[in-house]
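Structure record follows, encoded as structure tokens.
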Amino acid sequence: MAIRVLIVDDEEPVRRLLSKELKRKGYETDTAEDGSAALHKIRKTNYDIVLLDIVMPGLDGLALMKKVKADPASPAIIVLTGRATVDTAVEAMKNGAYDYLTKPYKLEELVIIINRAYEQRRLSIENTLLQQELSRKERPDKFIGKSQHYSQLLMMINKIAPTDSTVLILGESGTGKELVANHIWKKSKRNKNPFIALNCSTFSETLMESELFGHEKGAFTNAYKVKHGLVEAASEGTLFLDEIGEMPIGLQAKLLRFLDDGEFRRVGGNKMMNADVRVIAATNKNLQEAIEKNQFREDLYYRLNVINLEIPPLRERREDIVPLSEYFLNKYTRKFMKSVKGFDKNAVVKFLEYEWPGNVRELENIIERAVILSESERIGADDISIPDVQHGSVDEKAGLSLQEMEKEHILKVLREAGGNQTQASRVLGIDRKTLYLKIKKYNIQV
């Protein structure tokens, strides 16, 4: 990706010539005729370098610098000045400019300084991101949300994590079942030992059995040496079996035996082995229906279903959409070194009214894409690659405050629920008492 340079100078011939020369060198350039125009562009676009003249009418170079350098992700500033203002250029460096050149200067010299400034800025940002990541890892992981569903789920996790009971997590694809399993492990007494995940929809029956329990040398073609399975690798830790509903029926009996007494055999082996492992399973299938179709063992279902956790889809916990969106925005602005500040009201409305068939995973993917493609400080509705909402247009709501948006959303859900507050509170992801207080707050006629 080309280095993005903004040229700020009140002399149009200077801007035009310098822009032309830098483009020939492979840089991506933009220009501004004064400090005010430059500030407007910097707030909308992620520049790497600003080439800044000091003496300009209106907002001069020094005043612009003070405004720009207040942002930790600001571009590197190189001052281009006449000989009569060298002292001012030195003052600019004290205020955060990377370097300065006096006019006239050689293009080759400027290119060297631009490249050095870009590299220093890149390393500085990477160092900041690394420090943030280390700081984040030092804090215990937490779920993001504020809905009643979220609170109840967190309360259940805190209750069951210290036990060794088997857990069955149910939920649509993309709701975060592995995240829940991982959080249970982190809160458990087994958190010093491995957390290992296996997706049961990935392998054939023979390969899955080998992956799960291991195999002996010569057990099948290409089995040239002994392989330790994930059960052994997860010893004294936690094994997460994702998409358990896809496990072949023949392998289910062997898993049931392991769950009952902790014993297993490697593929091709005769020796019975033991492993102390907590098993957490997850599925997006209706296992009761699978049992009726003889696709899943009933005894295994009851053995797995000691504790049942159901993760509701995102459309049933809409109060979590905004905090999740803000979390993913922060995650990807740091990852891609972007200076996106947030979402505008149009985007928030679009998020709240979309049904999210792909759940949290879909939300994360859409925000990642929006951050990558964003050229401004705020992500708007047009930056979000989801279908237009069905209930009213985003444009109609652009002038609403967040409270007005919330009131309108509650009204819409109440209408769809036929005035049934219990059903509406379930869809909104809040309890009846909270819904009652919001109805009273917004003077909603039910």
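Sequential numbering of the sequence shown, starting at 2, is according to my numbering.
Glycine included, every Cβ here is placed at the ideal spot set by N, Cα and C.
Predicted model, so just to flag it, every value in this text is computed and none were measured.
According to the DSSP secondary-structure assignment, MET274 is paired through a beta bridge with PHE265. Here the C-alpha atom of HIS410 lies approximately 38 angstroms from the C-alpha atom of VAL69. Membership of LEU40 in the alpha helix (DSSP H) is indicated by the continuous run 36-45. For TYR303, the uninterrupted alpha helix (DSSP H) run begins and ends at 299-305, by DSSP. Under DSSP, GLU311 forms a beta bridge with LEU171. The stretch 287-297 makes no contact with the stretch 196-210; the number of CB pairs closer than 8 angstroms stays below 3. Of ARG318, GLY270 and ALA371, the smallest CA-CA separation from LYS218 is found for GLY270. Taken through DSSP and simplified to helix, strand or coil, LYS441 comes out as helix. LYS346 is classed as buried because its beta carbon has at least 16 other beta carbons within 10 Å across all chains shown. Comparing alpha-carbon positions, the option among LYS178, HIS229 and HIS150 lying closest to GLU320 turns out to be HIS150.
In this structure the stretch 271-282 lies against the stretch 160-172, because at least three pairs of beta carbons, one per stretch, are closer than 8 angstroms.
Between the stretch 200-219 and the stretch 257-268 there are three or more inter-stretch CB-CB distances shorter than 8 angstroms, so the stretches are counted as touching.
Cα atoms of TYR333 and TRP186: separation of roughly 26 angstroms, rounded to the nearest angstrom. Unbroken alpha helix (DSSP H) stretches of 4 residues or longer found wholly inside the stretch 217-246: 231-234, given in chain order. Scanning the stretch 182-214 from its first residue to its last, the whole alpha helix (DSSP H) runs of 4-plus residues come out as 206-214. The Cβ atoms of ASP49 and LYS42 do not sit closer than 8 angstroms to each other. For ILE281, the enclosing beta strand (DSSP E) has its first and last residue at 279-284. In terms of Cα proximity to GLU311, the closest of ASN116, ASN285 and ALA382 is ASN285. Counting the other Cβ atoms within 10 Å of the Cβ of ASN360 gives 16 or more, which makes it buried. Less than 8 angstroms divides the Cβ of LEU364 from the Cβ of SER326. Distance check between LEU231 and each of ILE440, ALA224 and THR239 places THR239 closest, using alpha-carbon atoms only.
Each residue's CA atom was taken as its position, placing VAL181 and ILE158 some 8 angstroms apart. When C-alpha distances from SER75 are compared across VAL372, TYR119 and ALA33, the shortest belongs to TYR119.
Where VAL349 is concerned, the enclosing alpha helix (DSSP H) starts and stops at 346-354. Distance between TYR355 and ILE385, taken at the CA atoms: about 11 angstroms.
Distance from GLU173 to SER202 at the Cβ level is roughly 15 angstroms; contact not present, criterion being Cβ atoms closer than 8 angstroms. Taking GLY36 as the centre and dropping the five residues before and after it, the same chain places the C-beta of VAL9, MET57, GLY59, LEU60, ASP61, GLY62, ALA64 and LEU65 closer than 8 angstroms to its C-beta, in chain order. If you draw a straight line from the Cα of LYS255 to the Cα of SER205, it is about 15 angstroms long. Beta-bridge annotation (DSSP): TYR101 is paired with VAL80. With a beta-carbon spacing of about 17 angstroms, LEU108 and VAL51 fall beyond the 8 angstroms limit used to define contacts.
A distance of 8 angstroms or more separates the beta carbons of THR82 and TYR99. The three-state reading of DSSP puts VAL15 in helix, counting H, G and I together. Distances from the alpha-carbon of ARG5 to those of ASP383, GLY251, ARG122 and GLU110 put ARG122 closest.
The alpha-carbon of SER236 is positioned some 25 angstroms away from that of PHE221. Counting C-beta atoms within 10 angstroms of its own C-beta, GLU299 has fewer than 16 neighbours from the protein chains shown and is therefore classed as exposed. Put simply, the backbone Cα of LEU330 is about 45 angstroms away from that of VAL227.
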